[in-house]
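Numbering-wise (the UniProt record's numbering), the first sequence opens with residue 1 and increments by one. Ideal placement from N, C-alpha and C gives every residue a C-beta, glycine not left out.
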Amino acid sequence: MDEQTRMLASMGGLGGLSQADVGDPDSVRKQQSLGQPQQDIGDILQQIMAITDESLDEAQARCWPEEAPAQWTPQREGELGGSTAGCALPLNFQHRKHALNCHRMKPALFSVLCEIKEKTVLSIRGVQEEDPPDPQIMRLDNMLLAEGVSGPEKGGGSAAAAAAAAAAGGSPNDGSIEHSDYRAKLAQIRQIYHSELEKYEQACSEFTNHVMNLLREQSRTRPISPKEIERMVAIIHRKFSSIQMQLKQSTCEAVMILRSRFLDARRKRRNFNKQATEVLNEYFYSHLSNPYPSEEAKEELAKKCGITVSQVSNWFGNKRIRYKKNIGKFQEEANLYAVKTAVDAANVSAQASQANSPATPNSGGYPAPCYTPDGRL
DNA sequence: GACGATGATTCCAT
DNA sequence: ATGGAATCATCGTC
């Protein structure tokens, strides 16, 4: 066994190769038994040495003298992935490369080199491969999910939902923020977040594909194992996920700002319209003996006034306390509504008797006033 | 801008 | 959970 063969054997030993790992050892035996000179191995090693003297970068620099390898476009992929026949590589280089590629020993040698490389790389940086999910990114994800920015759209999250919220007039007492503006702004943030995320994902997959193609192409001329490609892809994904985290972070900040703005603005109010106030006052003064509307009555009043049940409760709470505090001040108002209710009742009664109907004066939903001008019932 | 009116919120008692 | 009372914050009018 000559020195080069021993070298090969020792490389196999170094890499801990099994026969299967080397590819097709039978073919090696066959070559030797067929009288192929062992010089073959010597030749191929010499060629490898020669070709590695000339770095790939140099070769590529000659291939694309104007462009840095980092500059890439999806269109470029075809060129990179395809044949390099168009490149003006020196004839000598191309010839040697071709000879190497076609050599019967190439697959076996590449396996050996890949194996060695794999072991070396793994021993250097194979430890922190499987990193656990980042707790910060999980926190951001949870928050975005809770706010309805990521995940399934809440209640349509659309203009329709915003309109519905606006129609309901909001219900600040139930703890949720049902403000149409808030909904609209949140939907806007949601839309921006998703479009940016989509862009990142697209760019990530394009870049990953490009790098994979590049590595596959390069694996013809230098030992690159599939594992190495996987590792590279993982690195790219890590880089992109850090960009994603920035996006998530800024989205969270935007939601926080929006929330605080609307929570501060919760106290902002509009006076109820005249018609709503009239309806509420009518009920109040006609039920002065017991101005505590039932849940059903509150719902009906809310519907009539175009406000929420909570607002009806607030209104009655305020009215009761203010009326009690200063009955004298509300005297005039009370009289006004007593007369108004009496007139309404009379009208209803007249209409009912005209129609020969058994309807009572209370058929409008509210009883006749039981208030007397001296403020007593 | 002052001021009263008014809707909303908070705290407490029941 | 509901209502009373105090208070806050804004609106509307002058």
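query	result
Quick one: any contact between the segment 208 to 216 and the segment 232 to 239, if contact means 3 or more CB pairs under 8 Å?	yes
Are the beta-carbon atoms belonging to residue 323 and residue 330 less than 7 Å from one another?	yes
Within 10 angstroms of the Cβ of residue 311, are there 16 or more other Cβ atoms? Answer buried if so, exposed if not.	buried
What residue does the alpha helix (DSSP H) around residue 279 start on, and which one ends it?	274 to 286
Using only the alpha-carbon positions, how far apart do residue 116 and residue 107 sit?	14 Å
So, helix, strand or coil for residue 178, using DSSP?	Confidence in residue 178 is poor, its pLDDT being 47 and thus under 50, which makes the residue's placement unreliable; the coordinate value appears in the next sentence. Coil, per DSSP.
Is it the case that the segment 190 to 206 contacts the segment 242 to 249, given that we only count it when at least three CB pairs across the two stretches are under 8 Å?	yes
Going by CA-CA distance only, name the one from 253, 288, 148, 341 that's closest to residue 190.	148
Pick out whichever of 98, 119, 143, 188 has its Cα sitting closest to the Cα of residue 252.	143
Helix, strand or coil for residue 149, going by three-state DSSP, please let me know.	coil
Determine the closest residue to residue 98 out of 220, 141, 120, with distance taken between C-alpha atoms.	220
Give every residue of the same chain whose Cβ lies closer than 6 Å to the Cβ of residue 150, excluding the five residues on either side of it in the sequence, and list them in chain order.	144
Please report the residue range of the alpha helix (DSSP H) in which residue 323 lies.	309 to 325
Please confirm whether residue 285 and residue 334 have their CB atoms less than 7 Å apart.	yes
Please return the same chain residues whose Cβ sits closer than 8 Å to the Cβ of residue 302, not counting the five positions on each side in sequence.	308, 309, 311, 312
Any idea what DSSP makes of residue 72, helix, strand or coil?	Any answer about residue 72 is weak, because its pLDDT of 35 lies below 50 and its placement is not dependable; what the coordinates show is given next. If DSSP states are grouped into helix, strand and coil, residue 72 belongs with coil.
Just to confirm before moving on: does the CB-CB distance between residue 223 and residue 113 stay below 7 Å?	yes
Could you tell me the alpha carbon to alpha carbon distance between residue 188 and residue 242, rounded to whole angstroms?	23 Å
Does DSSP put residue 216 in a helix, a strand or coil?	helix
Would the beta-carbon of residue 393 fall within 7 Å of that of residue 288?	Outside the shown range of the chain (1 to 377) lies residue 393, about which nothing can therefore be said.
Using three-state DSSP, classify residue 43 as helix, strand or coil.	helix
Reducing DSSP to helix, strand and coil, say where residue 105 ends up.	coil
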